[in-house]
């Protein structure tokens, strides 16, 4: 498994229109399903007069938690095309909501698929995509006389210091790129020998 993933850094918007139907797309960085539910509920409230509020999301660095919702559109014509855009851009920790205002002309299933896909693609094209590292926490307990040795390793490997307590027994909690976590643990463990 790679220890990098791609996500968006902020909210972005997209737009698509077809036969007087308007598709407003909104992409958000999210971390939890609760955030997703809150944002979707907000769009349903804000765009109460819209015919459909469809969405898709992908969560986690492993890209294993996802969902697509058609909100009354014919099966797989809205949520799946939105999710398809998330997948084709290899994004995660993202929610894309597409609000549809019906224009009076039916688009048919292929027309809907294209419209939702293009609206989602437009929102992604306006987003700032960034690559982030998957980090792992490493805790280490040591005696005060080992302080210099521990700090030398910290300086050398450059993990983020999350917390530290110095007393008779000291503890440090570090966050480091997942691929380097085992090396850090091994180097700290050798100090005990």
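In the numbering used here, the protein residues as written are 14 to 206.
Note that CB positions come from ideal geometry on N, CA and C, so glycine has one too.
Apart from the 5 residues on each side of it in sequence, residue 16 sits with its Cβ closer than 7 Å to the Cβ of 146, 147, 190, 191 and 192 in its chain, given in chain order. Contact check for residue 20 and residue 106: beta-carbon distance about 4 Å, within the 8 Å limit, so the pair qualifies.
By the Cβ criterion, the segment 59-73 is not in contact with the segment 149-168, since fewer than three pairs of Cβ atoms, one from each stretch, lie closer than 8 Å.
Closest in alpha carbon position to residue 165, among 84, 200 and 45, is 200. Of the residues 126, 156, 130 and 175, the one whose Cα lies closest to the Cα of residue 205 is 156.
Between residue 96 and residue 81, the C-beta spacing is below 8 Å. The C-beta of residue 34 has 16 or more other C-beta atoms within 10 Å across all chains shown, which makes the residue buried. Between residue 90 and residue 83, the C-beta spacing is below 8 Å.
Fewer than three Cβ pairs drawn from the segment 119-129 and the segment 39-47 lie within less than 8 Å of each other, which leaves the two stretches out of contact. Residue pairing by DSSP places residue 146 opposite 17 in a beta bridge.
Taking the C-beta atoms as reference points, residue 102 is found nearer than 8 Å to residue 137. The residues 27, 29, 36, 38 and 111, in chain order, have a CB closer than 6 Å to that of residue 132 in the same chain once the five nearest residues on each side in sequence are set aside.
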